[in-house]
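For the sequence shown, full-length UniProt numbering assigns the number 1 to the initial residue and increments by one for each residue that follows. Report on the structure given below.
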Amino acid sequence: MECEWKPDEQGLQQILQLLKESQSPDTSTQRSVQQRLEQLNQYPDFNNYLIFVLTKLKSEDEPTRSLSGLILKNNVKAHYQNFPNGVSDFIKNECLENIGDSSPLIRATVGILITTIASKGELQNWPELLPKLCLLLDSEDYNTCEGAFGALQKICEDSAEILDSDMLDRPLNIMIPKFLQFFKHSSPKIRSHAIACVNQFIISRTQALMLHIDPFIENLFALATDEEPEVRKNVCRALVMLLEVRLDRLLPHMLNIIEYMLLRTQDQDENVALEACEFWLTLAEQPVCKEVLCGHLSQQLIKNPDC
1 MECEWKPDEQ
11 GLQQILQLLK
21 ESQSPDTSTQ
31 RSVQQRLEQL
41 NQYPDFNNYL
51 IFVLTKLKSE
61 DEPTRSLSGL
71 ILKNNVKAHY
81 QNFPNGVSDF
91 IKNECLENIG
101 DSSPLIRATV
111 GILITTIASK
121 GELQNWPELL
131 PKLCLLLDSE
141 DYNTCEGAFG
151 ALQKICEDSA
161 EILDSDMLDR
171 PLNIMIPKFL
181 QFFKHSSPKI
191 RSHAIACVNQ
201 FIISRTQALM
211 LHIDPFIENL
221 FALATDEEPE
231 VRKNVCRALV
241 MLLEVRLDRL
251 LPHMLNIIEY
261 MLLRTQDQDE
271 NVALEACEFW
281 LTLAEQPVCK
291 EVLCGHLSQQ
301 LIKNPDC
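Set out below in structure tokens:
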């Protein structure tokens with residue numbers, strides 16, 4: 001039943017109708033839909049229909065397809081341990097086959113679904129997931145690369161601890177250097193994903209990152225004035241965390257970093273400016289705060305003697 005599964009046309013149409021009704025603003029309609037969804041959950045292959053709508057029915061409108069995926073996500077959260085193997089295998093396969101959907105909404109929904117399955121302890125039982133996603137990063141198709149990176153970012157956020165464990169043979173030894181390669185990608189969204197993935201492992205001083213800490217910092221500096229606000233925000237966030245756990249590596253560059261953070265505190269993008277403000281709060285807690293700020297002020301006085 002894994003790859004050969006096909007929906008019953010009448011059952012499929014009933015589920016599509018249900019999905020459309022669930023988007024109604026009427027609360028009584030929503031309540032009725034919820035009851036029918038709970039009844040359908042008694043049938044093991046109901047979840048096959050949901051993944052089918054999400055990944056196969058390209059002619060359906062995106063909100064309906066995405067909603068189908070989000071209902072499936074909730075079912076995974078609540079009942080995944082009761083899914084028959086054939087159903088869970090079908091869902092996993094469809095997710096990996098469709099992570100590069102042309103729709104950003106569908107890609108994001110598939111990514112959320114992958115992450116939800118992974119968070120149910122499935123990283124150990126889905127050994128092909130991480131290698132496959134890392135392989136898809138090299139795809140020449142932008143949608144595939146972006147979709148894979150979006151899923152990896154969510155996995156890094158939700159499962160950072162297990163990724164840095166012997167349980168999975170320490171995949172970060174491969175993943176961290178891979179992420180660093182994408183700091184120079186032509187797409188700002190891909191650059192942002194790459195930094196966000198690596199950022200998850202700064203505070204924990206993950207060994208795989210500490211081995212590449214200098215090239216990581218060099219790459220951050222190279223992106224300091226990136227035109228994409230999300231990239232600048234992630235650069236600021238990285239520097240704030242590095243200030244906390246690897247001050248030794250930042251000290252040689254501290255005067256330049258202070259100049260940079262002064263600029264970013266006035267960034268036109270509010271989220272970037274707020275992230276830069278965190279730098280000053282973190283710096284104030286460091287023993288070297290007075291020394292580095294005095295050094296900065298001394299430089300300013302030399303540059304501007306009339307002050």
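Heads up, the beta-carbon is just placed ideally off N, CA and C, and yes, glycines get one too.
From the options, residue whose alpha carbon lies closest to that of residue i
| i | options | result |
| --- | --- | --- |
| ALA238 | LEU255, LEU220, MET175 | LEU220 |
| THR282 | ASN85, LYS58, ARG246 | ARG246 |
| ARG205 | LYS56, CYS236, LEU243, VAL235 | LEU243 |
| MET175 | TYR142, ASP166, PRO131 | PRO131 |
| ARG44 | ILE217, GLU161, ASN85, SER103 | Looking at the sequence itself, residue 44 is Pro, so the reference to Arg does not match. Out of ILE217, GLU161, ASN85, SER103, ASN85 has the C-alpha closest to the C-alpha of PRO44. |
| LEU113 | VAL292, ALA78, LEU135, THR29 | ALA78 |
| VAL235 | ILE257, GLY111, PRO252, LEU251 | ILE257 |
| LEU209 | TRP5, ASP166, LYS178, ASN47 | LYS178 |
| ALA194 | ASP166, LEU67, GLU157, LEU168 | GLU157 |
| GLY11 | LEU123, LEU50, SER102, SER22 | LEU50 |
| GLU21 | ASP138, LEU67, LYS58 | LEU67 |
Under 9 Å between C-beta atoms of residue i and residue j
| i | j | result |
| --- | --- | --- |
| LYS120 | GLU94 | no |
| ALA118 | ILE155 | yes |
| GLU62 | SER103 | yes |
Same chain, Cβ closer than 8 Å to residue i, neighbours up to 5 away in sequence not counted
| i | result |
| --- | --- |
| ALA222 | PHE183, LYS184 |
| ARG36 | LEU18 |
| VAL272 | PRO229, ARG232, LYS233, CYS236, ARG264 |
| ARG191 | PHE182, PHE183, LYS184, HIS185, LEU223, ASP226, GLU228, VAL231 |
| ASP214 | ARG249 |
Secondary structure of residue i, DSSP reduced to three states
| i | result |
| --- | --- |
| GLY11 | helix |
| LEU137 | coil |
| TRP5 | coil |
| GLU192 | A small fix is needed here, since residue 192 is Ser in this sequence, not Glu. If DSSP states are grouped into helix, strand and coil, SER192 belongs with the helices. |
| VAL288 | coil |
| SER204 | coil |
| LEU223 | coil |
heavy atom of the ligand FAD below 8 Å from residue i C-beta
| i | result |
| --- | --- |
| GLN200 | With respect to small molecules bound, the structure shown includes none, and the ligand FAD cannot be examined in it. |
C-beta neighbour in chain B for residue i, strict 9 Å
| i | result |
| --- | --- |
| GLN10 | In summary, chain B is missing from the structure at hand, where a single protein chain is found. |
Sequence-distant residues of its chain with Cβ nearer than 6 Å to residue i (five each side left out)
| i | result |
| --- | --- |
| GLU2 | In this prediction, GLU2 has a pLDDT of 45, which is less than 50 and means its spatial position is unreliable; nothing more can be read from the coordinates. |
Contiguous alpha helix (DSSP H) assignments of at least 4 residues, all confined to the UniProt domain "Importin N-terminal" (33-101): Whole alpha helix (DSSP H) segments, 4+ residues: 46-55, 62-79, 85-97.
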